[in-house]
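Sequence order for the protein chains is A and B.
Under the working numbering, think of the first position of the first sequence as 1, with each following residue one higher.
Under the working numbering, think of the first position of the second sequence as 1001, with each following residue one higher.
A quick write-up on the structure given underneath.
2 protein chains.
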Amino acid sequence: MTNDDQSIGGRPTLKTIAFMTGLGISTVSQALKDGPDISKATRQRVQLIAKQIGYRPNRAGVRLRTGKTNVIALVLNTKEESMGLVSEMVYGISDTLSGTSYHLVVTPYSLSDPMEPIRYIVETGSADGIIISRTQPDDPRVGYLLDHGMPFATHGRTNMGVVHPYHDFDNQAFALEAVKILHGRGRKNIALLGPPPTLLYQRHTRSGFEAGLRAFDMREYWLGDIDTDAELAGIIARGRGLGQDEARPDGIICSAAISALAIGAGLTECGLRIGRDVDLVTKESSQLLSLMRPEIICITENFRAAGRDLARAVMAWIDGADPANFQFLAGP
Amino acid sequence: MTNDDQSIGGRPTLKTIAFMTGLGISTVSQALKDGPDISKATRQRVQLIAKQIGYRPNRAGVRLRTGKTNVIALVLNTKEESMGLVSEMVYGISDTLSGTSYHLVVTPYSLSDPMEPIRYIVETGSADGIIISRTQPDDPRVGYLLDHGMPFATHGRTNMGVVHPYHDFDNQAFALEAVKILHGRGRKNIALLGPPPTLLYQRHTRSGFEAGLRAFDMREYWLGDIDTDAELAGIIARGRGLGQDEARPDGIICSAAISALAIGAGLTECGLRIGRDVDLVTKESSQLLSLMRPEIICITENFRAAGRDLARAVMAWIDGADPANFQFLAGP
DNA sequence: TCGCGGGCCTGAATCGTTACAGTAATTCTA
DNA sequence: TAGAATTACTGTAACGATTCAGGCCCGCGA
């Protein structure tokens, strides 16, 4: 009842517009969302004023009343760092989110339990949708989120027989292509430094790799129990080991730029020249590597595009779209 | 009046605890924050139950009532990418924020207007504090935030005669140290590839650089109008140009790892060997460079520590601490 | 002319929290 | 022992938005 000082002061609210138009608050609310019960003239009038005074709905008000947070959470493992993955993903997501009402909350977890941040978000309802990465073949987070009806999208696929949005790089095609390139350069004995077996794309990578070997009649040099998640020092040491091995591979395929650099460093230490004695093909996500080591052959994975896709997917799912329509596989 | 189904169902609220304890809602609210009006016994009882049932205050409720968002906004320029700056900053900030009630919202802006995201946050009150980077000597954002009473911290200092929290790398000391290293390696003719003059740390860098030249009686090779913000291709070309210059510098100091790589790439193209024909000293922020290009001399800047400091500073300021106590200068 | 159904708008209730003004019951003061 | 002060707790009113059950007025059919 006390329409004191609506005209002046603070941020405009529905009350402000109601006061200015002489309408009721609920009318204004409906008019702003083009409710059919409101006459066209009134709707236009309200919307005009709202625009003029720069009205923006109070997020807390909306959230409290409707439960809609207008937040997308990006859940990252601190391990995550394929040279720029984080920044590219963030920028990609923001590309999509800008111009919408969504904000991006970044939630890293250093802990060993990947479920913890997920549970937190679901239990406190602090986001409308979640983007997760480092997806595992049988990822507990996916099951949990599905169970709890929380929209999400994964960077990488799962192997669970359930449908959910994802963006994945076609690592099978990548590995196949890499083998083909090495074959084209006359290489025969190929090593694969792939991702850890806990991540599904390890299987895709291996599958493409093996298909390539078969197709071009090449053989594998078995690298043993080492993957792109290993300590850099360990990878360098492995490179050194290769350098001293008579039966060393003449081609190496690598799933991460940084690991390629590391293994290359080890090889170089032994006096081997990349591009001559050994060929190195790697995935990379920025122009950096080609600068640092132009002799390393690069196949680009675009994390920014991934971020864009993932954000689009989550938003669409939140809006009720069919998640099956948002499964993206990016070619190399 | 209708205490229907408080015991079961959804997330616990104050009402749930009120129902369980038989107390009033406001009593519970006060008890949880150790209000002095509530008896010790009651406070403990309430807090015990709250913990047991995993009560967490509804952020929207708090935010609507108090205006406190429990959000720190990190405002980034998409240009930003000193190899891992974004991820390291994010992880650093999260280190500090984890365990508190704060969430981290990341707001990149690709637009030319750095004020836009700042205004948005202030006008919509969508954060309690802001962390900004790419600080300029006379930064309009700093003035604006000060005017509007929004706590913030800057990555880098300003030159405005106002006090605010910051974390800065001592670029003067870095440049001086770099010159000293080059002097120690017998170099005489030094080039500086510094940051763009719009950023204050360009001055610090130059100042340290010039002091070093004077102290060790060396001379500058003037690189001209190029800085670490330039296109990589341009920097590479400049490196190539240097390689072909008879009077080329025998030492180069670089403010960003990626630029060092670029200029190094240009030099290498001309057959020059880094570490022999030319020495290259650069700032870098990960172990990457020193591992992969050991011939480049690295001085490390720790962005994660910066993130930690900045988050601590903003939180402290929000809590009413004196901003003057949160000015950090990190040595090389 | 009466009643009924739309069209257009409004008030009240609600989401979860906090600030503030009470209100009993108890204890202290003179 | 009356009155004041203290202790311990409670009800109400916001914060800003949305939802929903009306309410009023008009035109139309019988």
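Think of the CB as a built atom: it goes at the ideal place given N, C-alpha and C, for glycine as much as any other residue.
Taking C-beta pairs closer than 7 Å, name the residues in chain B that residue i reaches, listed in chain order.
| i | result |
| --- | --- |
| Val75 of chain A | Under the 7 Å cutoff, chain B gives no residues; its nearest Cβ is about 11 Å from Val75 of chain A. |
| Gly61 of chain A | Leu1064 |
| Arg56 of chain A | Thr1124 |
| Leu242 of chain A | The premise fails here: Leu242 of chain A is roughly 17 Å from chain B at the closest Cβ pair, so nothing lies under 7 Å. |
| Ala265 of chain A | Leu1291, Met1292 |
Work out the CA separation of residue j and residue i for me, nearest whole Å.
| i | j | result |
| --- | --- | --- |
| Val1106 of chain B | Val90 of chain A | 8 Å |
| Leu97 of chain A | Val71 of chain A | 10 Å |
| Gly1271 of chain B | Glu80 of chain A | 36 Å |
| Gly1251 of chain B | Val1278 of chain B | 5 Å |
| Leu95 of chain A | Thr282 of chain A | It is Asp, not Leu, that sits at residue 95 of chain A in the sequence shown. When rounded, the distance between both Cα atoms is 27 Å. |
| Gln1327 of chain B | Pro1140 of chain B | 19 Å |
| Met1115 of chain B | Pro1151 of chain B | 16 Å |
| Asp1309 of chain B | Gly1331 of chain B | 14 Å |
| Ala1041 of chain B | Asp1034 of chain B | 11 Å |
| Ser259 of chain A | Leu111 of chain A | 23 Å |
| Ala1306 of chain B | Gly1099 of chain B | 19 Å |
| Val142 of chain A | Arg304 of chain A | 22 Å |
| Leu1193 of chain B | Ser290 of chain A | 21 Å |
| Lys1015 of chain B | Leu48 of chain A | 40 Å |
| Arg65 of chain A | Ala1060 of chain B | 9 Å |
| Ile253 of chain A | Ala175 of chain A | 7 Å |
| Ala316 of chain A | Arg1248 of chain B | 57 Å |
| Ala1257 of chain B | Arg1185 of chain B | 20 Å |
| Pro1197 of chain B | Asp1113 of chain B | 18 Å |
| Ala1230 of chain B | His1155 of chain B | 21 Å |
| Phe1126 of chain B | Gln1044 of chain B | Before going further, note that residue 1126 of chain B is Ser rather than Phe in the sequence given. The straight-line gap from Cα to Cα measures roughly 34 Å. |
| Pro36 of chain A | Ser285 of chain A | 49 Å |
| Thr221 of chain A | Ala191 of chain A | With the sequence shown as reference, residue 221 of chain A is identified as Tyr, and Thr is not the correct amino acid for it. C-alpha separation (whole angstroms): 5 Å. |
| Met292 of chain A | Ile318 of chain A | 42 Å |
| Val1314 of chain B | Gly1129 of chain B | 6 Å |
| Leu1261 of chain B | Pro1137 of chain B | 27 Å |
| Leu1232 of chain B | Thr13 of chain A | 48 Å |
| Pro1057 of chain B | Ser1101 of chain B | 10 Å |
Using the beta-carbon of each residue, which ones in chain A are nearer than 9 Å to residue i?
| i | result |
| --- | --- |
| Gln1052 of chain B | Correct list: empty, because the minimum Cβ distance to chain A is about 15 Å. |
| Pro1195 of chain B | By Cβ distance, chain A contributes nothing, its closest Cβ being about 18 Å from Pro1195 of chain B, past 9 Å. |
| Lys1153 of chain B | This sequence places Ala at residue 1153 of chain B; Lys is not what is there. In chain order: nothing, as chain A lies at least about 18 Å away. |
| Ser1026 of chain B | Ordered by position in chain A, no residue passes the 9 Å Cβ test against Ser1026 of chain B, which lies about 18 Å from the chain. |
Assuming residue i contacts residue j under a Cβ cut-off of 8 Å, what Cβ separation, rounded to an integer in Å, is found between them?
| i | j | result |
| --- | --- | --- |
| Leu146 of chain A | His164 of chain A | 7 Å |
| Val1062 of chain B | Leu1076 of chain B | The pair is not a contact, with the Cβ atoms about 27 Å apart (cut-off 8 Å). |
| Thr1135 of chain B | Arg1157 of chain B | 7 Å |
| Val179 of chain A | His148 of chain A | Val179 of chain A to His148 of chain A, Cβ: 42 Å. No contact. |
| Ala18 of chain A | Gly24 of chain A | 6 Å |
| Ile297 of chain A | Ile181 of chain A | 6 Å |
| Gly275 of chain A | Glu301 of chain A | Gly275 of chain A to Glu301 of chain A, Cβ: 21 Å. No contact. |
| Ala1265 of chain B | Ile1236 of chain B | 5 Å |
| Ile226 of chain A | Gly234 of chain A | 7 Å |
Which residues in chain A have a C-beta closer than 8 Å to the C-beta of residue i? List them in chain order.
| i | result |
| --- | --- |
| His1103 of chain B | Val105, Thr107, Ser126 |
| Leu1261 of chain B | Leu288, Leu291, Met292 |
| Ile1258 of chain B | Leu288, Leu291 |
| Ser1133 of chain B | Result: empty, since nearest Cβ-Cβ is about 12 Å, beyond 8 Å. |
Across which residues does DSSP place residue i in a beta bridge pair?
| i | result |
| --- | --- |
| Gln327 of chain A | A:Tyr166 |
| Ser219 of chain A | It is Arg, not Ser, that sits at residue 219 of chain A in the sequence shown. Answer is A:Asn189, bridged to Arg219 of chain A. |
| His1103 of chain B | B:Val1071 |
| Tyr91 of chain A | None, per the DSSP bridge assignment. |
| Ser98 of chain A | A:Thr100 |
| Gly1129 of chain B | B:Ile1072 |
| Tyr1109 of chain B | B:Asn1077 |
Could you work out which residues of chain B lie near residue i, taking near to mean beta carbons separated by less than 8 Å?
| i | result |
| --- | --- |
| Thr100 of chain A | Per Cβ cutoff of 8 Å: no residues; Thr100 of chain A is ~13 Å from chain B at best. |
| Gln287 of chain A | Leu1232 |
| Ile38 of chain A | Those within 8 Å of Ile38 of chain A in chain B number zero; the least Cβ separation is about 25 Å. |
| Arg305 of chain A | Looking at the sequence shown, residue 305 of chain A is not Arg but Ala. Simply none; closest approach about 15 Å. |
Can we count residue i as close to the ligand MN, meaning its CB is less than 6 Å from some heavy atom?
| i | result |
| --- | --- |
| Leu329 of chain A | Of ligands this structure carries none, so the ligand MN is not represented either. |
In chain A, which residues lie with their C-beta within 7 Å of the C-beta of residue i?
| i | result |
| --- | --- |
| Val1086 of chain B | Val86, Ser87, Val90 |
| Thr1078 of chain B | Tyr91 |
| Ser1029 of chain B | Within chain A, no residue comes near Ser1029 of chain B; the closest Cβ sits about 16 Å away, beyond 7 Å. |
List, from N- to C-terminal side, the alpha helix (DSSP H) runs of 4 residues or more that fit wholly inside the stretch 36–79 of chain A.
Complete alpha helix (DSSP H) runs here, min 4: 40–52, 59–66.
Counting only runs that start and end within the stretch 1245–1314 of chain B, where is the alpha helix (DSSP H) found for 4 or more residues in a row?
Listed in chain order, they are 1257–1269, 1288–1292.
Sequence ranges, beta strand (DSSP E) only - wholly within the stretch 1132–1165 of chain B, length at least 3
With a minimum length of 3 residues, the unbroken runs of beta strand (DSSP E) contained wholly in the stretch 1132–1165 of chain B fall at 1152–1155.
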